[in-house]
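K.L.:
In numbering that gives the first Met the number 0, the protein residues as written are 0 to 286.
In this text, a Cβ means the ideal position worked out from N, Cα and C, and glycines have one as well.
Note that the structure is a prediction, hence the values are computed from the model and not measured.
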Amino acid sequence: MFFRKQADFGQLLRELGGFTRRDVTQGLKLAKYKKAAQTLLKKDPVSAHVLLGLVACLEHDIATMHAQYLQAIELSDSYLSLMYYAFALEKSCLWNEAAKYALLALDRAPQEPKLLAAAIGIAPLTGRFSLLKKLLSQWQQDHEGVPHPRQGDYEVTEALTRQGLAEQDLKTVLGAIGTAFSETDAMLQHYSYELVRGKNASFIHYRFVLPDSLVATYYEDRVSERLATMACHPRIFDAFSFSVENGTLYELYDSMERELAFSADTIKVPDPDKMKLIEELIRDVEV
Numbered sequence: 000m001f002f003r004k005q006a007d008f009g010q011l012l013r014e015l016g017g018f019t020r021r022d023v024t025q026g027l028k029l030a031k032y033k034k035a036a037q038t039l040l041k042k043d044p045v046s047a048h049v050l051l052g053l054v055a056c057l058e059h060d061i062a063t064m065h066a067q068y069l070q071a072i073e074l075s076d077s078y079l080s081l082m083y084y085a086f087a088l089e090k091s092c093l094w095n096e097a098a099k100y101a102l103l104a105l106d107r108a109p110q111e112p113k114l115l116a117a118a119i120g121i122a123p124l125t126g127r128f129s130l131l132k133k134l135l136s137q138w139q140q141d142h143e144g145v146p147h148p149r150q151g152d153y154e155v156t157e158a159l160t161r162q163g164l165a166e167q168d169l170k171t172v173l174g175a176i177g178t179a180f181s182e183t184d185a186m187l188q189h190y191s192y193e194l195v196r197g198k199n200a201s202f203i204h205y206r207f208v209l210p211d212s213l214v215a216t217y218y219e220d221r222v223s224e225r226l227a228t229m230a231c232h233p234r235i236f237d238a239f240s241f242s243v244e245n246g247t248l249y250e251l252y253d254s255m256e257r258e259l260a261f262s263a264d265t266i267k268v269p270d271p272d273k274m275k276l277i278e279e280l281i282r283d284v285e286v
């Protein structure tokens, strides 16, 4: 099979996967990979086009990225070429297209667990929680009935319905957010989402995480500007919110939330009568 014949291909791809778009020496670094890809064109053109596609992604040359990956798929539409394209599309924040090619790859090789995991990871970025529900069911079947850790996440659809919203309304907003990111040089480190339950209603909150070298507020403003010009359901922001954060801050808040959840059973609420007595004693102390 083509990709596996080239011992260096996997290594080159892993190295490129760790690159960002903001390295000032990136042009010099990427030249090495372009040269390696050119040497592969004759003996393994599919691998060559995959490498050139990822280089174009890192150069933020989206048109060339599409062209290179589509050439690779035209030469061989194996699940690997489809998967690599989905990976580059996700890095470029083109989430709907990424989901499309991840699902095509999964259709080619439904027995590959990494493909199912990739599809599960991309689906929430598209707002397609009905799709996520199907993928999670497939995951559960493949794991002898054990539910996926995020098995309840498709309850988002119910939260939208209570607000008089449809899944399409969430898809529209997330599509606009992806477009806003794709027009910048940002590449997300990762993202997370949660269903925040309130007394009267619930809403879904997305957190998009950027490297510490980027100013998160700038990109959050860019996204907000895009959403301000977008036609959407008037109540969508009653059920949806988002934030753009740097990695260090995200990890700090995440660790604090885990610590709070871990110690929730041991936290004691102060006795109000004792607190009142302490206040009285303090009040009588002369400074």
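Hey, Leu-15 and Leu-57 are a contact pair by Cβ (cut 8 Å); roughly how many whole angstroms apart?
P.N.:
As a position in the sequence shown, residue 15 is number 16, starting the count at 1. As a position in the sequence shown, residue 57 is number 58, starting the count at 1. So it is a contact: roughly 7 Å between Cβ atoms.
K.L.:
What are the start and end residues of each continuous alpha helix (DSSP H) run of 4 or more residues lying completely inside the stretch 19 to 43, in chain order?
P.N.:
The qualifying runs are 25 to 39.
K.L.:
Quick one: what's got a C-beta closer than 6 Å to Ile-119's C-beta in the same chain, skipping five residues either side?
P.N.:
On the sequence shown, position 120 is the one that residue 119 refers to. These residues qualify, in order along the chain: Leu-134.
K.L.:
So, helix, strand or coil for Leu-57, using DSSP?
P.N.:
On the sequence shown, residue 57 is found 58 positions in, with the first residue counted as 1. It is helical.
K.L.:
Give me the DSSP bridge partner(s) of Glu-193.
P.N.:
Here the question's residue 193 lines up with position 194 in the sequence shown. Partner(s): His-204.
K.L.:
Do Ala-215 and Leu-209 have their C-beta atoms within less than 8 Å of each other?
P.N.:
Position 216 of the sequence shown, counting from 1, holds the residue named residue 215. Position 210 of the sequence shown, counting from 1, holds the residue named residue 209. A contact, by the Cβ cut-off of 8 Å.
K.L.:
Is the beta carbon of Leu-53 less than 8 Å from the beta carbon of Ala-47?
P.N.:
Counting from 1 along the sequence shown, the entry for residue 53 is found at position 54. Counting from 1 along the sequence shown, the entry for residue 47 is found at position 48. Contact flag unset, no.
K.L.:
For Val-45, which option in Glu-182, Asp-60 and Leu-69 has the closest C-alpha, if you only look at C-alpha atoms?
P.N.:
Here residue 45 refers to the residue found at position 46 when the sequence shown is read from its first residue. Ranking Glu-182, Asp-60 and Leu-69 by Cα distance to Val-45 puts Leu-69 first.
K.L.:
Flag this pair as yes or no: are the beta carbons of Thr-171 and Cys-92 separated by less than 8 Å?
P.N.:
Walking along the sequence shown from the start, residue 171 turns up at place 172. Walking along the sequence shown from the start, residue 92 turns up at place 93. No.
K.L.:
Please report the straight-line C-alpha distance between Ser-191 and Asp-43, rounded to a whole angstrom.
P.N.:
Residue mapping note: residue 191 aligns to position 192 of the sequence shown, counting from 1. Residue mapping note: residue 43 aligns to position 44 of the sequence shown, counting from 1. Going by the C-alpha atoms only, they are around 37 Å apart.
K.L.:
Return the chain-ordered ranges of every alpha helix (DSSP H) run that is complete within the stretch 140 to 180 and spans a minimum of 4 residues.
P.N.:
Correct list: 155 to 161.
K.L.:
To which residues of the same chain is Arg-234 closer than 8 Å at the C-beta, ignoring the five residues directly before and after it?
P.N.:
Within the sequence shown, residue 234 is the residue found at index 235, counting from 1. Cβ neighbours of Arg-234 beyond the five flanking positions: Gln-162, Gly-163 and Leu-164.
K.L.:
Can you round the beta-carbon distance between Phe-202 and Ser-240 to whole angstroms, since I take them to be within the 8 Å contact cut?
P.N.:
In the sequence shown, counting from the first residue as 1, residue 202 sits at position 203. In the sequence shown, counting from the first residue as 1, residue 240 sits at position 241. The Cβ separation is near 6 Å, so the contact holds.
K.L.:
Would you call Ala-177 buried or exposed, if buried means 16 or more other Cβ atoms sit within 10 Å of its Cβ?
P.N.:
As a working mapping, residue 177 is identified with position 178 in the sequence shown. A quick correction: the sequence has Gly, not Ala, at residue 177. Its Cβ being crowded by 16 or more others within 10 Å, Gly-177 is buried.
K.L.:
Could you check if Ser-80 is buried or exposed, using at least 16 other CB atoms within 10 Å of its CB as the buried criterion?
P.N.:
Here residue 80 refers to the residue found at position 81 when the sequence shown is read from its first residue. Ser-80 comes out buried.
K.L.:
Measuring alpha carbon to alpha carbon, tell me which of Glu-154, Ser-77 and Asn-95 ends up nearest Glu-193.
P.N.:
Position 194 of the sequence shown, counted from the start, is the residue given in the question as residue 193. The candidate whose alpha carbon is nearest that of Glu-193 is Glu-154.
K.L.:
Name the DSSP bridge partner or partners of Val-214?
P.N.:
Looking up residue 214 in the sequence shown gives position 215. Paired residue(s): none; Val-214 is not in a bridge.
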